[in-house]
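**Student:**
Chains as they are written, first to last, in the working numbering: chain A, 1 to 263; chain B, 1001 to 1297.
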């Protein structure tokens, strides 16, 4: 089927229109980050770098950033360990309920986020666990496992078994073979899975808002509260701009690794 | 591999040898961590949530009374019109967002997969993926600045004599949620177009099918699984969102009722109401599986 010339031109116009739609909001926030006025009106009144200094000196932002990094690191570590274990089990063994395992992991992202959030918060409150960084990590890890699992299982399917068999034949035990053969083979899958899990955790608010409790703020929660106070908006613009810049890093890394992290 | 292998006498090695002959134990050790975590943290939580939906609240203090069974929460939801209105509104917006994203995703995905050259295609894939990595709240906040009074929309619409909607309108939730989930729709549909073998289209053309007919009779039916796969994201993510509706409009969603009641301490009502999105999504996923969407994820 060949498209006529006009169909092609129409398709191109719509496609680049959609791309413009995707980038317009990001562009506008970027411009606002340099707006000297405290009041947000379009078009902006001029150009300043003043708010960058204010944002860098803001202790609430620093605290939130630290919490976000800790939560991301904790959740990613748990997700990688659990996801790898499950991937090894599913890949190496045939057992009753094998198909259910991947369904088990995908459910927290298939069901609406608000459900995961309310379920975890209700449980923590019923059992008597104080909300804080720990409960944030538990929530994030729960929906990050599937990402690590998917990445590792996809890699294991592509890895040949022969190097592991050779390693065993040469006298290496299970641990040595895993450490020297299997783990290096999974390396980039773990990297891209970890990257994706960390990014998901760093960005999460729907569940985090339920499990954070009043004292602990992550970057998304800080933005969420600061948005609703007009005096904070100039600093929010700067944080938003920096986060937009950061979003290029994983895309670049995913291209370099060539893994499935771009998805 | 330069270092010599560890000497085969250590305890770890003996354990490895023992383990090697017992695949069931290996499997148990591998699975117990991840499955235990999911059962405890996720399904345990869902069960406790379900229990809470049937617990009574003290009529004076509003305190939850564990293990005092009551159907009050369900009674409130079924008798109060507000809860029905909010449920219908949320599902309607989720359907509308899904439809909007389908209409926007089809042309760009088709262009990427079948019209654009390899360089443009690579550029466009990256361009579609990149906004996914940009923070969710940054994007919602950006839309707030666009939609608010004296914002970008007002500036661009006023010369045409059109009144900008301003914050508060329910249409804002539709626009912003369609924006947020659009890449989740474009990517599976793009992959779906890529999977269609060109020979099929040639066969249709050889048999006299013109472009329009080939698209309708050959391409569209083959795209159903991909479209349904994308719609799982757009539908479920809209159904579960309460931050965006809160920030860009006054119209509450299912998630707002759940969050507000949970924060105010009326946990049984929040728990009972959260069964609604769970049931809707389970139904949606069952239909999606029948339509073959899971192979396109």
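Where a beta carbon is used, it is the ideal one built from N, C-alpha and C, also for glycine. All values derive from a computational prediction rather than experimental measurement.
How would you list, in chain order, the residues of chain A whose beta-carbon sits under 8 Å from the beta-carbon of residue 1115/B?
**Tutor:** 3, 8, 11 and 12
**Student:** Assuming contact is defined by CB atoms lying nearer than 8 Å, are residue 115/A and residue 1240/B in contact in what I supplied?
**Tutor:** Yes, the Cβ-Cβ distance between residue 115/A and residue 1240/B is below 8 Å.
**Student:** Residues in the same chain with beta-carbon distance under 8 Å from residue 48/A, minus the five sequence neighbours each way, listed in chain order, please.
**Tutor:** Answer for residue 48/A: 34, 35 and 36, listed in chain order.
**Student:** What residues from chain B crowd round residue 251/A, counting only those whose CB sits closer than 7 Å?
**Tutor:** Correct list: 1126, 1129, 1130 and 1133.
**Student:** Kindly indicate if chain B contains any beta-carbon less than 8 Å away from that of residue 47/A.
**Tutor:** no
**Student:** Quick one, which residues of the segment 233–247 of chain A are near chain B if we go by CB-CB under 7 Å, in chain order?
**Tutor:** 236, 240, 243, 244 and 247
**Student:** For residue 1179/B and residue 1143/B, which I take to be in contact (beta-carbon distance under 8 Å), what is that distance rounded to the nearest angstrom?
**Tutor:** Their Cβ separation, rounded to whole angstroms, is 7 Å, which keeps residue 1179/B and residue 1143/B in contact under 8 Å.
**Student:** Could you pull the start and end residues of the alpha helix (DSSP H) that residue 1026/B belongs to?
**Tutor:** 1023–1037 is the extent of the alpha helix (DSSP H) around residue 1026/B.
**Student:** Buried or exposed for residue 1246/B, please, with buried defined as at least 16 other CB atoms from any protein chain shown within 10 angstroms of its CB.
**Tutor:** buried
**Student:** Where does residue 1226/B sit, in a helix, a strand or coil, going by DSSP?
**Tutor:** helix
**Student:** For residue 1293/B, which option in 1266/B, 1222/B, 1279/B and 1243/B has the closest C-alpha, if you only look at C-alpha atoms?
**Tutor:** 1222/B
**Student:** Note the first and the last residue of the continuous alpha helix (DSSP H) segment covering residue 93/A.
**Tutor:** Going by DSSP, residue 93/A is part of no alpha helix (DSSP H) at all; its letter is neither H nor E.
**Student:** Does DSSP put residue 1056/B in a helix, in a strand, or in coil?
**Tutor:** Residue 1056/B carries a strand assignment under DSSP once its states are collapsed to helix, strand and coil.
**Student:** Using C-beta distances below 7 Å, list every residue in its chain close to residue 1251/B, excluding the 5 sequence neighbours before and after it, in chain order.
**Tutor:** 1089, 1170, 1173 and 1245
**Student:** Please list, in chain order, the chain B residues whose beta carbon lies closer than 8 Å to that of residue 121/A.
**Tutor:** 1262
**Student:** If we ignore side chains and look at the alpha-carbon of each, how far apart do residue 1052/B and residue 1064/B end up?
**Tutor:** 8 Å
**Student:** Can you tell me whether DSSP reads residue 34/A as helix, strand or coil?
**Tutor:** coil
**Student:** Using the three-state DSSP reduction, which class does residue 261/A fall into: helix, strand or coil?
**Tutor:** Confidence is the limiting factor: at residue 261/A the pLDDT is only 39, short of 50, which leaves the residue's position unreliable, though a coordinate-based value still follows. In the structure shown, residue 261/A sits in coil (DSSP, three-state: anything other than H, G, I, E or B).
**Student:** Compare the C-beta of residue 1072/B against all C-beta atoms of chain A and say whether one is closer than 8 Å.
**Tutor:** no
**Student:** Taking C-beta to C-beta, are residue 1097/B and residue 1238/B nearer than 8 Å?
**Tutor:** Yes, the Cβ-Cβ distance between residue 1097/B and residue 1238/B is below 8 Å.
**Student:** Check whether the segment 1103–1111 of chain B and the segment 1180–1189 of chain B touch, using three or more Cβ-Cβ pairs below 8 Å as the test.
**Tutor:** yes
**Student:** For residue 82/A versus residue 145/A, is the C-beta distance shorter than 8 Å?
**Tutor:** yes
**Student:** What does the alpha-carbon distance come out to for the pair residue 148/A and residue 190/A?
**Tutor:** Looking at the two C-alpha atoms, the distance is approximately 7 Å.
**Student:** What residues in the segment 1138–1162 of chain B have a beta carbon less than 9 Å from any beta carbon of chain A?
**Tutor:** 1138, 1139, 1140, 1141, 1142, 1143, 1144, 1145, 1146, 1148, 1149, 1150, 1151, 1152, 1153, 1154, 1155 and 1156
**Student:** In the segment 1189–1212 of chain B, which residues sit with their C-beta less than 7 Å from some C-beta in chain A, listed in chain order?
**Tutor:** 1201, 1204, 1205 and 1211
**Student:** Compare the C-beta of residue 1170/B with all C-beta atoms of chain A and state if any pair is closer than 8 Å.
**Tutor:** no
**Student:** For the beta strand (DSSP E) that contains residue 1067/B, what are its first and last residues?
**Tutor:** 1064–1069
**Student:** Can you tell me the Cα-Cα spacing of residue 177/A and residue 154/A, whole angstroms?
**Tutor:** 20 Å
**Student:** Do we get a CB-CB distance below 8 Å when we pair residue 110/A with the residues of chain B?
**Tutor:** It does; some Cβ of chain B falls within 8 Å.
**Student:** Secondary structure at residue 1249/B, three-state DSSP: helix, strand or coil?
**Tutor:** strand
**Student:** Distance check for residue 192/A and residue 186/A, CA to CA, integer angstroms please.
**Tutor:** 10 Å
**Student:** Going by beta carbon distance, what residues of the same chain come within less than 6 Å of residue 78/A, once the five residues before and after it are set aside?
**Tutor:** 141
**Student:** Hey, would you say residue 286/A sits closer than 8 Å to residue 1135/B, going by beta carbons?
**Tutor:** Look at the range of chain A in this structure, 1 to 263, and you will see that residue 286/A is not part of it.
**Student:** Identify, in the order they occur along the chain, each residue of the same chain with its Cβ nearer than 6 Å to the Cβ of residue 1148/B, setting aside the five sequence neighbours on each side.
**Tutor:** 1167
**Student:** Using only alpha-carbon positions, find the residue among 173/A, 104/A and 92/A that is nearest to residue 1011/B.
**Tutor:** 173/A
**Student:** When the cut-off is 8 Å and only beta carbons count, does residue 259/A lie next to chain B?
**Tutor:** Low confidence applies to residue 259/A: its pLDDT is 49, below 50, so where it sits in the model is not reliable, and the reading given next is rough at best. Not an interface residue.
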